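Participant: Protein chains in written order, with this note's numbering: chain A, 26 to 206; chain B, 11 to 328; chain C, 73 to 501.
No residue lacks a Cβ here, since even glycine has one placed at the ideal position from N, Cα and C.
Keep in mind the model is a prediction, meaning the values are calculated, not measured.
Just passing along the structure, written as C-alpha cells.
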Amino acid sequence: MVPPAQRELLDAAAVARTIARMAHQIIERTAPAPPLLLGIPSRGVPLAHRLAARIGEFSGTPAAVGTLDITLYRDDLRRRPTRALAETTLPPDGIDDALVVLVDDVLYSGRTVRAALDALREYGRPRAVQLAVLVDRGHRELPIRADYVGKNLPTARDEEIAVLLSELDGTDGVVIRRADD
Amino acid sequence: MRHLLSAADLDAPTATALLDTADRLKQALAGREVHKLPTLRGRTIVTMFYENSTRTRASFEVAGKWMSADVINVSAAASAVAKGESLRDTALTLAAMGADCVILRHPASGAAHRLADWIGTESATLRAGLAAHVVNAGDGTHEHPTQALLDAATLRDSLGTLAGRRVTIVGDILHSRVARSGVTLLTTLGARVHLVAPPTLLPTGVRSWPVTVGHDLEAALPESDAVMMLRVQAERMHGGFFPSAREYARDYGLSEARAALLPEHAPVLHPGPMLRGMEISSAVADSPRAVITDQVRNGVHVRMAVLYHLLAGVEEVT
Amino acid sequence: MSPLLLRGVRPYGEGDPVDLLVRDGVIAELGTRVDTAGATVRDCGGLVALPGLVDLHTHLREPGREDAETIATGSAAAALGGFTAVFAMANTDPVADTAVAVEHVRRRGREIGLTDVHPVGAVTVGLAGERLAELGGMARTGVTVFSDDGVCVADPLIMRRALEYSTALGAVIAQHAEDPRLTVGAQAHEGEPASRLGLAGWPATAEESIVARDCMLARAAGARLHVCHVSSAGTVDVLRWAREHGAATVTAEVTPHHLLLTDDRLGTFDPVNKVNPPLRTGPDAAALRAALAAGVLDCVATDHAPHAPQDKDCEWAAARPGMLGLQTALSVVVETMVAPGLLDWRGVARVMSERPADIGGLPDQGRPLAVGEPATLVLVDPDVRWTVRGAAFASLAGNTGFEGMELPARVMTTVLRGRVTADDGKVMW
Chain A
26 MVPPAQRELL DAAAVARTIA RMAHQIIERT APAPPLLLGI PSRGVPLAHR LAARIGEFSG
86 TPAAVGTLDI TLYRDDLRRR PTRALAETTL PPDGIDDALV VLVDDVLYSG RTVRAALDAL
146 REYGRPRAVQ LAVLVDRGHR ELPIRADYVG KNLPTARDEE IAVLLSELDG TDGVVIRRAD
206 D
Chain B
11 MRHLLSAADL DAPTATALLD TADRLKQALA GREVHKLPTL RGRTIVTMFY ENSTRTRASF
71 EVAGKWMSAD VINVSAAASA VAKGESLRDT ALTLAAMGAD CVILRHPASG AAHRLADWIG
131 TESATLRAGL AAHVVNAGDG THEHPTQALL DAATLRDSLG TLAGRRVTIV GDILHSRVAR
191 SGVTLLTTLG ARVHLVAPPT LLPTGVRSWP VTVGHDLEAA LPESDAVMML RVQAERMHGG
251 FFPSAREYAR DYGLSEARAA LLPEHAPVLH PGPMLRGMEI SSAVADSPRA VITDQVRNGV
311 HVRMAVLYHL LAGVEEVT
Chain C
73 MSPLLLRGVR PYGEGDPVDL LVRDGVIAEL GTRVDTAGAT VRDCGGLVAL PGLVDLHTHL
133 REPGREDAET IATGSAAAAL GGFTAVFAMA NTDPVADTAV AVEHVRRRGR EIGLTDVHPV
193 GAVTVGLAGE RLAELGGMAR TGVTVFSDDG VCVADPLIMR RALEYSTALG AVIAQHAEDP
253 RLTVGAQAHE GEPASRLGLA GWPATAEESI VARDCMLARA AGARLHVCHV SSAGTVDVLR
313 WAREHGAATV TAEVTPHHLL LTDDRLGTFD PVNKVNPPLR TGPDAAALRA ALAAGVLDCV
373 ATDHAPHAPQ DKDCEWAAAR PGMLGLQTAL SVVVETMVAP GLLDWRGVAR VMSERPADIG
433 GLPDQGRPLA VGEPATLVLV DPDVRWTVRG AAFASLAGNT GFEGMELPAR VMTTVLRGRV
493 TADDGKVMW
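Given below as C-alpha cells:
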C-alpha cells in the first residue's frame, strides 16, 4: 500500500527485472570465480540473498552470501543516541583473497560504503572489493562509486528514496517522498 | 543511559538490548585479523579499583581496548588515596583530567552512586565541560551489575531464554553483591530465582525479595534449570556464620553427587574465584556442565556492550 | 535592664493572649492589666509562650572538633532553637572524664551566656568502658548526668557499679544502648532497605537487649537510669514492661529525627541520613510517637551532632553518624506530635522543658509560667511554615537530615532569666 505524498518509481515487477539484470552483470564481471556477496543491513541483506539466488540460477554456480554490519564504523555515532547493532556473518574461512561484492539498497553520500570498507579491512584482505546497489540517488560526499547500479535516480536533497523489499516491508518497490513526511 | 550503577536501573528492554549488543560484538569480532573495533577511539576510560581484583579489572581493560579506547588503571594503594585523598577528590581530579568514563570498584556500598552524584551530574563539573559516565564494578555488598549481565548472557547461551527458567543461587547471599544484582536482573528478565543458604547467610528481609528461599540444596537441584554457586567470602565475615568450613562444604557444597541431581540441560555457574572443595568440588568445576570460562569470555563482550551503550552515542535527554 | 513587657502571648497556647512582664530576671506580672511603666514593650501578637526548652543530649564538639562546632556556635544554635539549657555530652577530645575537663565546658558556656551549658561527665575513663571515671569529683562541680554516649557501657559489671555509685551522688547514668558485639561494622538499621542495599545491619535487638539488662540493674540498685535516643518499638515495649514491674527510676528520651525519619531514605546513600542509633522503620517511628504522647518516653532530646563536611561528603561507610538537631527540634515535634493531635502545647512543654529539667536536676529550668518564676521562656509562632537550609544555621556544620523540608512553627524569641538571647532569627550575643 503506497500512502499519498509518496510516488512509486519502480513497481515489484521492475524491481525483479532490475535484480535479474544486476545478477547477469555480476556474473559477467566476476567470472570465472564466484563472488562473495556481503549485504549491508538492513535491506542490503535480503537484496544480497536475492542476487545470490539469481546468480546461482543463471550461472549454475552458487554465490556465497554473508552480512556485514557497519554500525561500529559509522562516522556519525556521536551525533545520535546509541544505535542497536546488527548481525555480521562471514564465511568460516574468512575473506582473504575473496572477490567481495558489497550489496546495499541505496547509494547516497557514500559514508556507509566507506564504513564497510573500513570494517572489511579488519577482517582480512580481499582480492578485490566491488559495490552493487539497487538505486544510486546521487549527492556523493566521498569519492565512492558503484560497480553495479540497478537504477540511477537523481533526487533533490529534500527528497527521500525508500527501497521496499517483501522480506522486511511486505511488498517490493522503490518510492520517493519529501524528506519531512 | 548515563551510568550503570545497579541492575535495578535496567528494565527488561534495556537489559535485553545490552545482551543483544554483546552477542553482536562477539559476532563482529569473530574471524578477524585485527581483533579491535574503532568505535571508542579517542575515549578515555579510567578504572579505579579500591579492592584487589585481577579478573574484573583485566576484563574491563580488555573490553575498553578492544573498542580502541585508552584505558588507564588507577589502583588505590599506589595512588594519592594511600595518602588520604578522599574518593570525591580523586573522582573530581580524574574527571578534570578528561576521563570519559570511570569504572569504580570500592568496598563501601553506595560508593558508585556517590561518585555519580559528584562527577556525573554536579553542576560544577558540567560547567567545566566534563560529563563523565560511571560504571559500578562492585560496591561493597551492594551491586555488581556487569557480573549480573554476563551471568544472564551465559544463561541465555545455555538455555536459549531466561523467561520462566528457575535459577538457584547458593551461598553467602548476605555479603554478596553478585547475588543482589543477579536476583534483580534475572527477575527483570523473567526468570524465577531460588536462594539456598544457611539462615545466618541470608539477609534480613530476604522474604520481601522476589525470590523463594530454602536451606536444602539437594531438594532444590532437580527443580533447577541452572545453578550459580557463590564463593563463601571469608574476608567479609566477622565470624560465627557457620561452625566450620567442613560443615559448610558438607551441607552446601556442590559435590559430584549433588551435581548429578541436576537436570541434563542445567549449567553450573560461578562468579569466581572458586574455593575448590568448599562451595564447589574440583570435579564439578572442571566438568562440561560448568560454564565458568564462558562466563569470563562473555564478561568481556558484555563490558564492551556496556561501554558502547554509555559512550558511543549521544546521551538521550529524558 | 529595664523591665520587658511581652504583650499578647498565650502561655501553653491556651486561652486569650495576655501580657507578661519580666523584671529582674523573673516573671513579675502575668495577666491583662499589667503595669507597663518604664518597660520596653514588645508586641507579640498571640505567640505561644513555653518554658525555655532543655536539651538533655547535645554534642558541642569543644574541645577537640572545633571545625565542626564550638561551645559558642552550639550555644547560638541552642538559643535560636529555643533552648535555655543544654547538656553537653562528654565524648569530646579530650574526653570530659575529670572535674577539670567539665569545668572548662561549664566556664565557656557561662562566658558566652546564650544558654546554660551543663557538661555531662563520662561514666568510664576515656569512654573505654573499663573503669569508672571520678564521678564524685565531677558531681562536686555540679554534674548531674553521666554518660559514655557515643559508645555503650557494655560491660554489665561496670554498668552495675556505675548505677550503684551514682545513688550517692543524686546523679543519673544515661546509657547509649548498643551491644557492641551485635553491631560490629553496622551501617544502618537491619531491615529490608539495608539488606537490599548491602548496608551491614544494626539490629534493634542490640539496643533492646541492653535496655532490658540496664532496667533490671537499675531496679536492683534503686538507681536512676536514663535511656538515650530510643529508636525502636521493641525498646518501648521493654520500658513499658520495666515500669510496670517496679523499675520506677528509669527514664528515656527520643530524638526528633527518630520521630519523623525512617530507613526508606537509605536509597540515595546520602550519609546525612547516617545516625547512631539508625533510622528505623515506619512502625518504629509510629510507636515512638505514641510512646512519647503516653509518657512511656519521658522527653525529647536532640542528640545534636555536628560534623565537618569531609565527614559527611563521602561514601556511606566512611561517614561519621549524626545530624544537627537544635534548630529544627521544636518544628519537628510540632510536625510529628502537635499537628496530628498527639500532644498539645502543654505536652510540648512537658517533653521539651519540664521533664528534661527534672531528669537533669535543674531547679531553675522547666518551671511553670507564673508570677515569681524565672523568666526563662520561649515564644513560638505556631502558624508559620519555613524551609530548612543547613547552611543558614548558626552551627558551623550543616548536616541536617531535614534539608529542604518545609516544617511548621518557628521560635521567635528566647529569654534566659530575663535576657533575650535570640530574637527573630538573630542571636543576641
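In this structure, how does DSSP classify residue 371(C) when only helix, strand and coil are distinguished?
Facilitator: Three-state DSSP puts residue 371(C) in a strand.
Participant: Tell me which residue opens and which closes the alpha helix (DSSP H) that residue 103(B) is part of.
Facilitator: Element bounds for residue 103(B): 97 to 106.
Participant: Rounded to the nearest angstrom, what separates residue 432(C) and residue 79(C) at their Cα positions?
Facilitator: Distance between the alpha carbons of residue 432(C) and residue 79(C) is about 32 Å.
Participant: Determine the contact status of residue 159(A) and residue 188(A), defining contact as a CB-CB distance below 8 Å.
Facilitator: Their beta carbons are under 8 Å apart, which means residue 159(A) touches residue 188(A) by this criterion.
Participant: Using a Cβ cut-off of 7 Å, pull out every chain C residue sitting near residue 3(B), in sequence order please.
Facilitator: The displayed coordinates of chain B run from 11 to 328. Any statement about residue 3(B) would go beyond what the structure contains.
Participant: Please work out which residues of its chain come closer than 6 Å, Cβ to Cβ, to residue 86(B), disregarding the five sequence neighbours upstream and downstream, and give them in chain order.
Facilitator: For residue 86(B), where only same-chain residues beyond five positions count, the Cβ hits under 6 Å are 60.
Participant: Can you list, in chain order, the residues of its chain whose CB lies under 6 Å from that of residue 112(C), leaving out five sequence neighbours each side?
Facilitator: Result list for residue 112(C): 74 and 76, in chain order.
Participant: Near residue 354(C), which residues of its chain fall below 8 Å by C-beta distance, leaving aside the five closest residues on each side in sequence?
Facilitator: So the list reads 334 and 336, once near-sequence residues are dropped.
Participant: What separation, rounded to the nearest whole angstrom, lies between the Cα atoms of residue 119(A) and residue 65(B)?
Facilitator: Distance between the alpha carbons of residue 119(A) and residue 65(B) is about 31 Å.
Participant: Return no unless some Cβ of chain C is closer than 8 Å to the Cβ of residue 123(B).
Facilitator: Yes, contact with chain C.
Participant: Where DSSP assigns a beta bridge to residue 290(B), which residues make up the other side?
Facilitator: Paired residues: 264(B) and 286(B).
Participant: Check the Cβ of residue 567(C) against every Cβ in chain B and list those closer than 9 Å, keeping chain order.
Facilitator: Since the first residue shown for chain C is 73 and the last is 501, residue 567(C) is missing from the structure and cannot be characterised.
Participant: Residue range of the beta strand (DSSP E) that residue 457(C) falls in?
Facilitator: Segment 449 to 459, the beta strand (DSSP E) holding residue 457(C).
Participant: Do residue 300(C) and residue 129(C) have their beta-carbon atoms positioned less than 8 Å apart in this structure?
Facilitator: A contact, by the Cβ cut-off of 8 Å.
Participant: Below 7 Å CB to CB, which residues in the same chain sit around residue 31(B) once its five sequence neighbours on both sides are set aside?
Facilitator: Hits under 7 Å: 315, 318 and 319.
Participant: List, in order along the chain, the chain C residues whose C-beta lies closer than 7 Å to that of residue 204(B)?
Facilitator: The contacting residues do not exist; residue 204(B) stays about 18 Å from chain C at best.
Participant: Between which two residues does the alpha helix (DSSP H) holding residue 138(A) run?
Facilitator: Element bounds for residue 138(A): 136 to 146.
Participant: Which same chain residues end up closer than 7 Å to residue 291(B) when comparing Cβ atoms and leaving out the 5 residues on each side of it in sequence?
Facilitator: If we look at residue 291(B) and ignore the five residues flanking it on each side, its Cβ neighbours are 263, 264, 265 and 266.
Participant: Using CA atoms only, rank isn't needed, just tell me which of 451(C), 343(C) and 372(C) is closest to residue 471(C).
Facilitator: Checking every option, the nearest Cα to that of residue 471(C) belongs to 343(C).
Participant: So which of 230(B), 184(B), 207(B) and 215(B) has the shortest CA-CA distance to residue 257(B)?
Facilitator: With distances taken between Cα atoms, residue 257(B) lies closest to 207(B).
Participant: For residue 37(B), report the span of its alpha helix (DSSP H) as first-last.
Facilitator: Segment 22 to 39, the alpha helix (DSSP H) holding residue 37(B).
Participant: Quick check on residue 229(C): buried or exposed, where buried means 16 or more other Cβ atoms within 10 Å of its Cβ?
Facilitator: Exposed, by the Cβ-count rule.
Participant: Check the Cβ of residue 101(B) against every Cβ in chain C and list those closer than 7 Å, keeping chain order.
Facilitator: What residue 101(B) touches in chain C: nothing, since even the nearest Cβ is about 11 Å away.
Participant: So what's residue 245(C) in DSSP terms, helix, strand or just coil?
Facilitator: Reduced to three states, the DSSP call for residue 245(C) is strand.
Participant: If contact is defined by three or more beta carbon pairs under 8 Å, each pair taking one atom from either stretch, is the stretch 159 to 166 of chain C in contact with the stretch 404 to 417 of chain C?
Facilitator: Contact fails: fewer than three Cβ-Cβ distances are below 8 Å.
Participant: Can a CB atom of chain C be found closer than 8 Å to the CB of residue 152(B)?
Facilitator: Yes, residue 152(B) lies at the interface with chain C (some Cβ there is under 8 Å from its Cβ).
Participant: Please classify residue 273(B): is it buried, with 16 or more other beta-carbons within 10 angstroms of its beta-carbon, or exposed?
Facilitator: The residue in question, residue 273(B), is exposed, as its Cβ has fewer than 16 Cβ neighbours within 10 Å.
Participant: Ordered along the chain, which non-local residues of its own chain (more than five positions away) have a Cβ less than 7 Å from that of residue 338(C)?
Facilitator: For residue 338(C), where only same-chain residues beyond five positions count, the Cβ hits under 7 Å are 260, 265, 266, 269, 271 and 345.
Participant: So, at 6 Å on beta carbons, what are the nonlocal neighbours of residue 146(C) in its own chain, with the 5 sequence-adjacent residues on each side left out?
Facilitator: Correct list, in chain order: 132.
Participant: Contact criterion: CB-CB distance below 8 Å. Does residue 38(B) meet it with respect to chain A?
Facilitator: Residue 38(B) counts as touching chain A.
Participant: 8 Å is my cut-off, CB to CB: does residue 29(B) come that close to chain A?
Facilitator: Closer than 8 Å: no.
Participant: Can you list, in chain order, the residues of its chain whose CB lies under 6 Å from that of residue 106(C), leaving out five sequence neighbours each side?
Facilitator: So the list reads 91 and 93, once near-sequence residues are dropped.
Participant: Given that residue 82(A) touches chain D, what residues does it touch there, using C-beta distances under 7 Å?
Facilitator: This model lacks chain D altogether; the protein chains it does include are A, B and C.
Participant: Output the distance between the C-alpha atoms of residue 171(B) and residue 263(C), rounded to the nearest integer angstrom.
Facilitator: Their backbone Cα atoms lie some 34 Å apart in a straight line.
Participant: If we define contact as Cβ-Cβ less than 8 Å, is residue 218(B) a contact residue for chain C?
Facilitator: So yes, residue 218(B) belongs to the interface.
Participant: Counting only Cβ pairs nearer than 7 Å, list the residues of chain C close to residue 118(B).
Facilitator: Within chain C, the residues near residue 118(B) are 387, 388, 389 and 390.
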